[in-house]
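If you're matching positions, the sequence shown starts at 13 in my numbering and goes up one per residue.
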Amino acid sequence: MGLTSESTPTGPAAHAEDALLPRSALQHLLFCERQCALIHVERLWAENRLTVEGRHLHERADSGRSESRPGVRIARALPIRSLRLGLVGRADVVEFHDAGLGGARRVVPVEYKRGRPKSDDSDRVQLCAQALCLEEMLGVAIPAGALYYGQTRHRHDVAFDGTLRALVERSAARLHALVAGGVTPQAVRAPKCDGCSLLSLCLPAPPRPRSARARTVIALAASLALAPEELT
Numbered sequence: 013m014g015l016t017s018e019s020t021p022t023g024p025a026a027h028a029e030d031a032l033l034p035r036s037a038l039q040h041l042l043f044c045e046r047q048c049a050l051i052h053v054e055r056l057w058a059e060n061r062l063t064v065e066g067r068h069l070h071e072r073a074d075s076g077r078s079e080s081r082p083g084v085r086i087a088r089a090l091p092i093r094s095l096r097l098g099l100v101g102r103a104d105v106v107e108f109h110d111a112g113l114g115g116a117r118r119v120v121p122v123e124y125k126r127g128r129p130k131s132d133d134s135d136r137v138q139l140c141a142q143a144l145c146l147e148e149m150l151g152v153a154i155p156a157g158a159l160y161y162g163q164t165r166h167r168h169d170v171a172f173d174g175t176l177r178a179l180v181e182r183s184a185a186r187l188h189a190l191v192a193g194g195v196t197p198q199a200v201r202a203p204k205c206d207g208c209s210l211l212s213l214c215l216p217a218p219p220r221p222r223s224a225r226a227r228t229v230i231a232l233a234a235s236l237a238l239a240p241e242e243l244t
């Protein structure tokens with residue numbers, strides 16, 4: 013089956029090989045643009061329990077060898093890219109289902125996640141971006157994929173409709189604009205910050221309150237144009 017008009021790349025490649033950004037950055041972007049800039053502009057990173065558990069789940073998914081079962085071949089840690097979107101990465105699992113009688117081969121990407129389904133679109137965008145990369149590389153239409161969540165141990169089917177595809181396109185464009193601009197957005201404290209591994213790098217702890225005596229010394233030094241240690 014050929015590409016549909018909705019997913020067919022048009023025009024020259026928009027990005028050079030050395031300008032591709034990690035597909036995983038889309039999830040950082042949709043979670044928090046400041047987090048995305050800290051990682052992909054300032055090159056900062058820190059681990060917490062959630063990121064370690066997620067990394068281990070991906071390592072288990074990626075470490076297995078490709079295998080074949082009746083009617084399906086399963087590829088793991090498959091390198092993928094899209095010059096049109098400017099994305100590069102690895103697909104956790106891609107299932108290649110044999111064509112049925114008179115049908116066409118089905119390609120089904122499967123993304124592994126640590127926790128449970130999220131209320132936002134970040135996981136679905138990352139999975140759909142994987143599908144768009146595969147469509148561009150293989151010249152096939154991929155109408156759906158799946159998200160597997162380690163905490164619930166359940167697989168959720170995801171349809172790649174026009175709305176989701178458009179969100180991937182906008183997110184990839186915004187990601188490139190953010191990185192090219194080189195400016196990290198200002199910090200805005202929100203409840204979701206508590207689960208971010210970069211919290212201490214993003215929002216440093218405020219200075220400890222000074223004692224009344226210390227405040228008096230600093231105020232007096234300022235009025236006399238002296239350094240505080242000159243009064244102690």
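By construction, the Cβ of each residue, glycine as well, lies at the ideal position given by its N, Cα and C atoms. Bear in mind that the values here come from a model prediction, so they are computed numbers and not experimental data.
Selection from Arg-167, His-40, Ala-26 that minimises the alpha carbon distance to Lys-204
His-40
For Leu-159 versus Glu-123, is the C-beta distance shorter than 8 Å?
yes
Asp-169 classed as buried or exposed, judged by whether at least 16 other C-beta atoms fall within 10 angstroms:
exposed
Taking the alpha-carbon positions, what's the Ala-153 to Ala-178 distance?
The straight-line gap separating the alpha-carbon atoms of Ala-153 and Ala-178 is approximately 16 Å.
Give every residue of the same chain whose Cβ lies closer than 6 Å to the Cβ of Leu-56, excluding the five residues on either side of it in the sequence, and list them in chain order.
Leu-50, Leu-213
Taking the continuous beta strand (DSSP E) assigned at Gly-101, which residues delimit it?
99-109
Supposed close pair Arg-46, Gln-138 - CB separation, criterion 8 Å
Wrong, their Cβ atoms sit about 19 Å apart, outside the cutoff.
To the nearest angstrom, how far is the alpha carbon of Ala-26 from that of Val-119?
25 Å
Residue(s) in a DSSP beta bridge with Ser-94:
Leu-99
Closest by C-alpha distance to Pro-91, when choosing among Val-84, Arg-81, Asp-104, Leu-42:
Asp-104
What does the alpha-carbon distance come out to for the pair Cys-140 and Phe-172?
6 Å
How many Å lie between His-188 and Leu-33 at the Cα?
In a straight line, the C-alpha of His-188 is about 8 Å away from that of Leu-33.
Could you have a look at Glu-54 and say whether DSSP puts it in helix, strand or coil?
When DSSP states are grouped into helix, strand and coil, Glu-54 belongs to the coil group.
Ends of the alpha helix (DSSP H) at Asp-135?
134-150
According to the Cβ coordinates, are Gly-194 and Val-100 closer than 8 Å?
Not a contact, by the Cβ cut-off of 8 Å.
Could you tell me the alpha carbon to alpha carbon distance between Leu-210 and Arg-117, rounded to whole angstroms?
42 Å
If you count every other CB in all the chains shown that lies within 10 Å of the CB of Ala-184, and 16 or more means buried, which is it?
Buried, since its Cβ has 16 or more Cβ neighbours within 10 Å.
Length of the line joining the Cα atoms of Gly-83 and Ser-131
34 Å
Taking the straight line between their C-alpha atoms, what separation do you get for Arg-88 and Phe-108?
11 Å
Apply the 10 Å Cβ neighbour rule to Gln-163 and answer buried if 16 or more other Cβ atoms are within range, or exposed otherwise.
exposed
Three-state secondary structure assigned by DSSP to Pro-24:
Its pLDDT being 49, under 50, Pro-24 is placed unreliably by the model, and the measurement read from it follows with that caveat. Correct three-state label for Pro-24: coil.
Can you tell me the Cα-Cα spacing of Leu-38 and Thr-196, whole angstroms?
Their Cα atoms are separated by approximately 16 Å.
Would you mind reading off the limits of the alpha helix (DSSP H) that contains Val-200?
No alpha helix (DSSP H) contains Val-200, which DSSP labels as neither H nor E.
CA-CA distance, Ser-19 and Arg-93?
Residue confidence is low: Ser-19 scores 42 on pLDDT, short of 50, so the model does not pin down where it sits. Its coordinate-derived value is still stated next. Ser-19 and Arg-93 have their alpha carbons spaced roughly 15 Å apart.
Let me make sure I understand the geometry here. Which of Arg-85, Ala-111, Cys-48, Gly-98 has the alpha-carbon closest to that of Ala-28?
Gly-98
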